[in-house]
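So for the sequence shown, the working numbering puts the first residue at 3; every next one is plus one. For each residue, glycine too, the CB sits at the ideal point set by N, CA and C. Bear in mind that the values here come from a model prediction, so they are computed numbers and not experimental data.
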Amino acid sequence: MSFFEIIMKFTYYLLFFCLVLSLILYRLFPQVLPCASVSWGNFREVAEGVFIENPANEADIEQLMSNISSAKARIKFFWGKKQGKATIILCKNESTYQYLSKSTQGAAFSVGTPIHSWIILNNKDGNNTDVIAHEMCHDELMTELGWWTSKRKVPTWFDEGLALMFDYRFVSATDSLSRFQEYENEVNLSVKEDLTLERISTRQGFFETDGNSVRGAYFLSGMMISGKIARYGKKNIFKTIEILKKEDKFEF
Ligand SMILES: [Zn+2]
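Below, the structure written as structure tokens:
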């Protein structure tokens, strides 16, 4: 085999490998390519890592930057720092939101991958401090633990319950005891007995149910996390996170 033939064969295998890898990545993370290319699309970068779909007027920019600043303050207050560096994308059109998030629901969608994270906001109700702080908490937890640990070891109810501590849409009280009591009331009023933590430990179990069950799943998750903080303080949450990091197991 000549040198030229060896190079051709190597190039062929390399291209084939890249193609297969791209297809696998696209299958696993269909949002990555659309999200990673917003800077070339119909978006305006209004701050580092913050994009608004055009036409982005001054009022949109002012409101988004103010909401991001308030959300960051909530994250720093609880975590004592903010490490997550997710790119934030505000979609003005519903169709753009659906194209980027590959979802038809919700005010926002977080995309976490081993290389980068994105927070996609739906302009309808996503340009909001509660929504942004909620998504930033998902990003913060994943950044703290790493993508692999968070995907394998963190139950969805823990991830969502923790995010609710930054999100006052369901429960408006800000101190942990009142939050726990309000979540407990909601659980007693509307959560059916068959909704267990085991059932909502995966994303499929948490989200792929009817609307009432998803709401119940949020209430139950919020009650678990706020109850733990009310009883033992937030240090107990950090203990769970430390055990996950050091021993690769979930203890709550
Ligand atoms: Zn969430």
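> What are the complete alpha helix (DSSP H) segments, minimum 4 residues, inside the segment 160 to 206?
Replying inline: Complete alpha helix (DSSP H) runs here, min 4: 178 to 192.
>> Rounding to the nearest angstrom, what Cα-Cα distance links Trp150 and Arg201 in this structure?
In response: Position 148 of the sequence shown, counted from the start, is the residue given in the question as residue 150. Position 199 of the sequence shown, counted from the start, is the residue given in the question as residue 201. Computed Cα separation, rounded: 21 Å.
>> Cutting at 7 Å between CB atoms, please list the residues of its own chain near Trp81, excluding the five before and the five after it.
In response: Translated into the one-based positions of the sequence shown, residue 81 becomes position 79. Excluding sequence neighbours, Trp81 sits near Glu142.
> Between which two residues does the beta strand (DSSP E) containing Asn56 stretch?
Replying inline: Locating residue 56 in the sequence shown gives position 54, counting from the first residue. Unbroken run through Asn56: none, as it is neither H nor E.
> Is Glu137 near ligand 1, going by C-beta to nearest heavy atom under 8 Å?
Replying inline: Your numbering for residue 137 matches position 135 in the sequence shown. Between ligand 1 and Glu137, a heavy atom-to-CB distance of less than 8 Å is present.
> CB-CB under 6 Å to Ile121, same chain, minus the five flanking residues each way: which ones, in chain order?
Replying inline: Position 119 of the sequence shown, counted from the start, is the residue given in the question as residue 121. Counting only residues of its own chain and dropping the five nearest sequence neighbours on each side, Ile121 has a CB closer than 6 Å to the CB of Ala88, Ile90, Ser112, Glu137.
>> Quick test of your reading: Lys83 and Lys155, contact by CB under 8 Å. State the CB separation rounded to the nearest angstrom.
In response: Walking along the sequence shown from the start, residue 83 turns up at place 81. Walking along the sequence shown from the start, residue 155 turns up at place 153. Actually they are not in contact, since the Cβ atoms of Lys83 and Lys155 sit about 22 Å apart, beyond 8 Å.
> Name the DSSP bridge partner or partners of Leu123?
Replying inline: Here the question's residue 123 lines up with position 121 in the sequence shown. Looking at the DSSP assignment, Leu123 forms a beta bridge with Leu92, Ala110.
> Taking DSSP as the reference, what is the three-state secondary structure of Val133?
Replying inline: Within the sequence shown, numbered from 1, the residue matching residue 133 stands at position 131. Helix at Val133.
> Going by the CB atoms, is the gap between Val173 and Leu102 shorter than 9 Å?
Replying inline: Here residue 102 is taken as the residue at index 100 of the sequence shown, counted from 1. Here residue 173 is taken as the residue at index 171 of the sequence shown, counted from 1. Result no, Cβ atoms of Leu102 and Val173 do not sit closer than 9 Å.
> Where does Phe221 fall in DSSP's three states?
Replying inline: One-based indexing of the sequence shown puts residue 221 at position 219. Correct three-state label for Phe221: helix.
> Would the beta-carbon of His140 be found less than 8 Å away from any heavy atom of ligand 1?
Replying inline: By 1-based counting over the sequence shown, the position of residue 140 is 138. Indeed, a heavy atom of ligand 1 lies less than 8 Å from the Cβ.
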